[in-house]
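A.B. asks:
Protein chains: 2
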Amino acid sequence: MENIKVISYGMGVVGGFIAKFLLEKEGIEIVGAVDVAKDKIGKDIGEVLDLKRKVGIKISQNIESALQETKADIAVHTTSSFLKDTYPQIASILKQGVNVVSTCEELSYPYVSEPELARKLDALAKKHDATVLGTGINPGFLMDTLVITLTSACEKVEKINVTRVMNAGTRRVPFQKKIGAGLTIEEFQKKISEKHITGHVGLEQSISMIASALAWKLDKIIVQSAEPVIAKKTVESKDIRVDAGKVAGLKQKAKGIMKNREVINLDFQAYVGAEEEYDSVTIKGVPSINQKIQPCVHGDTGTVAVVVNAIPRVINAPAGLYTMKDLPVPSATPEDLRKYLRSA
Amino acid sequence: MENIKVISYGMGVVGGFIAKFLLEKEGIEIVGAVDVAKDKIGKDIGEVLDLKRKVGIKISQNIESALQETKADIAVHTTSSFLKDTYPQIASILKQGVNVVSTCEELSYPYVSEPELARKLDALAKKHDATVLGTGINPGFLMDTLVITLTSACEKVEKINVTRVMNAGTRRVPFQKKIGAGLTIEEFQKKISEKHITGHVGLEQSISMIASALAWKLDKIIVQSAEPVIAKKTVESKDIRVDAGKVAGLKQKAKGIMKNREVINLDFQAYVGAEEEYDSVTIKGVPSINQKIQPCVHGDTGTVAVVVNAIPRVINAPAGLYTMKDLPVPSATPEDLRKYLRSA
Numbered sequence: 080m081e082n083i084k085v086i087s088y089g090m091g092v093v094g095g096f097i098a099k100f101l102l103e104k105e106g107i108e109i110v111g112a113v114d115v116a117k118d119k120i121g122k123d124i125g126e127v128l129d130l131k132r133k134v135g136i137k138i139s140q141n142i143e144s145a146l147q148e149t150k151a152d153i154a155v156h157t158t159s160s161f162l163k164d165t166y167p168q169i170a171s172i173l174k175q176g177v178n179v180v181s182t183c184e185e186l187s188y189p190y191v192s193e194p195e196l197a198r199k200l201d202a203l204a205k206k207h208d209a210t211v212l213g214t215g216i217n218p219g220f221l222m223d224t225l226v227i228t229l230t231s232a233c234e235k236v237e238k239i240n241v242t243r244v245m246n247a248g249t250r251r252v253p254f255q256k257k258i259g260a261g262l263t264i265e266e267f268q269k270k271i272s273e274k275h276i277t278g279h280v281g282l283e284q285s286i287s288m289i290a291s292a293l294a295w296k297l298d299k300i301i302v303q304s305a306e307p308v309i310a311k312k313t314v315e316s317k318d319i320r321v322d323a324g325k326v327a328g329l330k331q332k333a334k335g336i337m338k339n340r341e342v343i344n345l346d347f348q349a350y351v352g353a354e355e356e357y358d359s360v361t362i363k364g365v366p367s368i369n370q371k372i373q374p375c376v377h378g379d380t381g382t383v384a385v386v387v388n389a390i391p392r393v394i395n396a397p398a399g400l401y402t403m404k405d406l407p408v409p410s411a412t413p414e415d416l417r418k419y420l421r422s423a
Numbered sequence: 080m081e082n083i084k085v086i087s088y089g090m091g092v093v094g095g096f097i098a099k100f101l102l103e104k105e106g107i108e109i110v111g112a113v114d115v116a117k118d119k120i121g122k123d124i125g126e127v128l129d130l131k132r133k134v135g136i137k138i139s140q141n142i143e144s145a146l147q148e149t150k151a152d153i154a155v156h157t158t159s160s161f162l163k164d165t166y167p168q169i170a171s172i173l174k175q176g177v178n179v180v181s182t183c184e185e186l187s188y189p190y191v192s193e194p195e196l197a198r199k200l201d202a203l204a205k206k207h208d209a210t211v212l213g214t215g216i217n218p219g220f221l222m223d224t225l226v227i228t229l230t231s232a233c234e235k236v237e238k239i240n241v242t243r244v245m246n247a248g249t250r251r252v253p254f255q256k257k258i259g260a261g262l263t264i265e266e267f268q269k270k271i272s273e274k275h276i277t278g279h280v281g282l283e284q285s286i287s288m289i290a291s292a293l294a295w296k297l298d299k300i301i302v303q304s305a306e307p308v309i310a311k312k313t314v315e316s317k318d319i320r321v322d323a324g325k326v327a328g329l330k331q332k333a334k335g336i337m338k339n340r341e342v343i344n345l346d347f348q349a350y351v352g353a354e355e356e357y358d359s360v361t362i363k364g365v366p367s368i369n370q371k372i373q374p375c376v377h378g379d380t381g382t383v384a385v386v387v388n389a390i391p392r393v394i395n396a397p398a399g400l401y402t403m404k405d406l407p408v409p410s411a412t413p414e415d416l417r418k419y420l421r422s423a
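Residue numbers (the working numbering), protein chains in the order written: chain A, 80 to 423; chain B, 80 to 423.
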């Protein structure tokens, strides 16, 4: 059987991590790459990824030319968090009958913020016999798929609390900037109001996916603005120093409300100096379940894993738009990726 | 839409728990019940379940008459751990085109110990347009489905360790007897050799399901015999007292070996006086994942939950034999059970 052929659409930080991993992975090969950045177009992906070798694949400016030159099975798409921005890109892939797995956060459960685009993507995918899935470590796994899975051991579910606490001191610099580490409170608030800091994108999607799995009709979802976490003492790590009184990062909460009760609470915290890093799920129900992953799952590594592990599942799935909860139980794919294809 | 109609096949301890829960549950009704015990046949299930009310359903001696009298959508089957014993029972249900969810431990992943019976069940199910699934809290969830799900956050998986530790002092008396609590060591060994104590049935199935999900070809699976856990001091709980030096319960290990390496280790412990009760999954890989559910999930409640939550998924699935890893991500079903049917 031939290798799975993939187009890498988006060669930013996450797209780069995924591409590097795919280049090492058995059973799959990158046959095309796309990015809009002027300093990347036309370059070999080996150069862009700092691999010290040429891969033989040049970065195209647009997906159409990449699709015309190759016969891809799937595109790994990593350009933006918002479906309004990514819809035309994803649509153009689907129109060629090519499957898509995307890290677009809104696509992980698009029926809430973009129901019309979700409907159109599903129709396009079915028309052109392709499958599309939005996923990643979060949204896509830690605050939704894993939570849903854990509820399956419960006869009754009254309330779900999910917390993710990350020590940003151990993460890459762009992530630290994204959460405002090192800023004054005023600078942080300005960046929030100007939407240069957006907080975590995906809380609304994760709550909606959990509620849909449980057949809960929520009255509303409240996504609070990201708030600064202030460093109580000066903290220093590999790449960053945050003085006491400055912003160490952010925290953000979201709630799903049903019949005047908070039934789903998500609590996201990412700041330099967090002493305990964990992902926890607490289900109040029959039985109650207290689950904790400690330390928390690394965001970038986890996203590479969840996305690549989804590739054979997306190829195996019938045509249409899916979310993680609709596909078979996810798993790692430590062997040759072709072994996970249904035809294998 | 009419209620989902279920036949309760097996009115022992677990079947009784499930039936009680189903009688309270919206969207489903028990339309028939089967058991071979002479003291149950002909009695109303309300009487057998100590409900202090009649339900209007009498316990039949055989499944054929129960199936003839009703038009069931699914049978919940809870008679035995071994597929050799349950095969004719399950086959007779499938032949009527009725779906089956069973707690038969070997059926949770039947391709290893009973590949021929698995093949026949799949063929029968497809011929009669029915679906069959073996599940429960363990095997079915804690030591397999949940483990597989957690691996999906990993790029690489080297080794998996799963541990379940239960304090049998808080469980029902039949469970305490099943694990040998209160026996002398000699009595325990005698019961093991006479197969009155079997240990946990399902370790081989859980290992096989994990390996299959990861496309790992194991060289062998070693299931050790159950060993007694000896009480170091006298322990006493609600229903039982175990003197120091006597058997408090049992522990049992199983290993999956690939290329001379232990790649999957399951460790099951159930004894009176266990101070810490938990379910843990440790994945050595990229990233490594350390997960713990504390306290452990209660076995009976968890099995009721996993089985009932599987009912709509089994009805929704195409015809054939499935294991948990093949079906969509499992979830709780806290609302009317019909809301989880695809047609709903």
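Using N, Cα and C, we set each Cβ at its ideal position, and we do this for glycine too.
These numbers were taken from a predicted model, which means no experiment stands behind them.
Taking only beta-carbon positions, decide if Lys332(B) is within less than 7 Å of chain C.
C.D. replies: Of the chains in the structure shown, none is chain C; the protein chains are A and B.
A.B. asks: List the whole-angstrom C-beta distance separating Val44(B) from Leu282(B), where the pair is believed to meet the contact cut-off of C-beta under 8 Å.
C.D. replies: A query on residue 44(B) cannot be resolved here, the shown segment of chain B reaching from 80 to 423 and no further.
A.B. asks: Identify whether Thr382(B) lies in helix, strand or coil by the three-state DSSP scheme.
C.D. replies: Three-state result, Thr382(B): helix.
A.B. asks: So with Cβ pairs under 7 Å, would you call Phe220(B) a contact of chain A?
C.D. replies: Chain A contact via Cβ: present.
A.B. asks: Under three-state DSSP, which class holds Arg243(A)?
C.D. replies: Of the three classes helix, strand and coil, the one that applies to Arg243(A) here is strand, per DSSP.
A.B. asks: Whose C-alpha, out of Lys133(A), Leu297(A) and Leu225(A), is nearest the C-alpha of Phe220(B)?
C.D. replies: Here the closest residue by C-alpha is Leu225(A).
A.B. asks: Within the same chain, show all residues whose beta-carbon is closer than 7 Å to that of Cys431(A), passing over the 5 residues directly before and after it, in chain order.
C.D. replies: Outside the shown range of chain A (80 to 423) lies residue 431(A), about which nothing can therefore be said.
A.B. asks: Terminal residues of the continuous beta strand (DSSP E) containing Gln255(B)?
C.D. replies: First-last for Gln255(B): Val252 to Lys257, but that is the alpha helix (DSSP H), not the beta strand (DSSP E).
A.B. asks: Measure the alpha-carbon distance for Gln147(B) versus Ser410(A) and round it to whole angstroms.
C.D. replies: Cα to Cα, Gln147(B) sits roughly 41 Å from Ser410(A).
A.B. asks: Hey, is Glu234(A)'s beta-carbon within less than 7 Å of any beta-carbon in chain B?
C.D. replies: Yes, its Cβ sits closer than 7 Å to a Cβ of chain B.
A.B. asks: Using a Cβ cut-off of 9 Å, which residues of the region 386 to 404 of chain B contact any Cβ in chain A, in chain order?
C.D. replies: The region 386 to 404 of chain B vs chain A, Cβ under 9 Å: Val387, Asn388, Ala389, Met403 and Lys404.
A.B. asks: With Ala145(A) and Ile86(A) assumed to form a contact (beta carbons below 8 Å), what rounded beta-carbon distance in angstroms separates them?
C.D. replies: That belief holds up - the Cβ atoms of Ala145(A) and Ile86(A) are roughly 5 Å apart, short of 8 Å.
A.B. asks: Would you mind telling me which residues of chain A sit closer than 8 Å to His377(B), beta carbon to beta carbon, in chain order?
C.D. replies: Those are Pro366, listed as they occur along chain A.
A.B. asks: Cβ of Val241(B) less than 7 Å from any chain A Cβ?
C.D. replies: So, not an interface residue.
A.B. asks: Keeping to the same chain, check which residues put their C-beta closer than 6 Å to that of Gln175(B); ignore five residues upstream and five downstream.
C.D. replies: The residues are Leu146.
A.B. asks: Helix, strand or coil for Tyr357(B)? Go by DSSP, reduced to three states.
C.D. replies: Reduced to three states, the DSSP call for Tyr357(B) is strand.
A.B. asks: Where Ser139(B) and Tyr166(B) are concerned, what is the direct C-alpha to C-alpha distance, given to the nearest angstrom?
C.D. replies: Each residue's alpha carbon lies about 19 Å from the other.
A.B. asks: Mind pulling the alpha helix (DSSP H) runs of 4 or more residues that sit fully within the region 264 to 349 of chain A?
C.D. replies: Runs of the alpha helix (DSSP H) inside the region 264 to 349 of chain A: 264 to 272 and 282 to 293.
A.B. asks: What residues match up with Ala363(A) in a beta bridge as DSSP calls it?
C.D. replies: Inspection of the sequence shows that residue 363(A) is occupied by Lys rather than by Ala. Lys363(A) is bridged to Lys238(A).
A.B. asks: Quick check: is the beta carbon of Glu414(B) nearer than 7 Å to any beta carbon in chain A?
C.D. replies: Taking Cβ atoms only, chain A reaches closer than 7 Å to Glu414(B), which makes this a yes.
A.B. asks: So the beta strand (DSSP E) Thr210(A) belongs to, where does it begin and stop?
C.D. replies: Taken as a continuous stretch (DSSP letters only), the beta strand (DSSP E) holding Thr210(A) covers Thr210 to Gly213.
A.B. asks: Should Phe178(B) be labelled buried (16 or more other beta-carbon atoms within 10 Å of its own) or exposed?
C.D. replies: The amino acid occupying residue 178(B) in the given sequence is Asn; Phe does not appear at that position. Asn178(B) should be labelled buried.
A.B. asks: Apart from the five residues on each side of it in sequence, which residues of its chain come closer than 6 Å, Cβ to Cβ, to Val110(A)?
C.D. replies: Closer than 6 Å at the Cβ level, and outside the excluded window around Val110(A), lie Lys84, Thr149 and Ala151.
A.B. asks: Measuring only from the beta carbon, is Ala411(B) closer than 6 Å to any heavy atom that is part of the ligand SAH?
C.D. replies: Questions concerning the ligand SAH fall outside what the structure shown contains, since it holds no ligand whatsoever.
A.B. asks: Going by other Cβ atoms of all chains shown within 10 Å of its Cβ, with 16 needed for buried, is Val321(A) buried or exposed?
C.D. replies: The residue in question, Val321(A), is buried, as its Cβ has 16 or more Cβ neighbours within 10 Å.
A.B. asks: Please check if any C-beta of chain A sits within less than 7 Å of the C-beta of Val383(B).
C.D. replies: So, interface residue.
A.B. asks: Determine, using beta carbons only, whether Pro189(B) and Leu162(B) come nearer to each other than 7 Å.
C.D. replies: Yes, the Cβ-Cβ distance between Pro189(B) and Leu162(B) is below 7 Å.
A.B. asks: Please check if any C-beta of chain A sits within less than 7 Å of the C-beta of Val408(B).
C.D. replies: Chain A, which has a Cβ nearer than 7 Å to the Cβ of Val408(B), makes this yes.
A.B. asks: I need the straight-line Cα distance from Ala428(A) to Glu315(A), nearest angstrom please.
C.D. replies: With chain A represented from 80 up to 423, any question about residue 428(A) goes unanswered, as that position is not in the structure.
A.B. asks: For Pro397(A), count neighbouring Cβ atoms within 10 angstroms of its own Cβ and tell me buried if that reaches 16, exposed if not.
C.D. replies: Exposed: under 16 other Cβ atoms inside 10 Å.
A.B. asks: By Cβ distance, which residues of its chain are closer than 8 Å to Asn339(B), with the 5 residues on each side in sequence left out?
C.D. replies: So the list reads Asp298, once near-sequence residues are dropped.
A.B. asks: With distances taken between CB atoms, is the gap from Thr214(A) to Ala389(A) smaller than 7 Å?
C.D. replies: A contact, by the Cβ cut-off of 7 Å.
A.B. asks: Would you report the Cα separation of Gly399(A) and Glu265(A), rounded to the nearest angstrom?
C.D. replies: Each residue's Cα considered, the two are about 45 Å apart.
A.B. asks: Between which two residues does the beta strand (DSSP E) holding Gly111(B) run?
C.D. replies: Looking at the DSSP string, the run of the beta strand (DSSP E) that includes Gly111(B) is Ile107 to Val113.
A.B. asks: For Asn178(B), which of helix, strand or coil comes out of DSSP?
C.D. replies: Reduced to three states, the DSSP call for Asn178(B) is strand.
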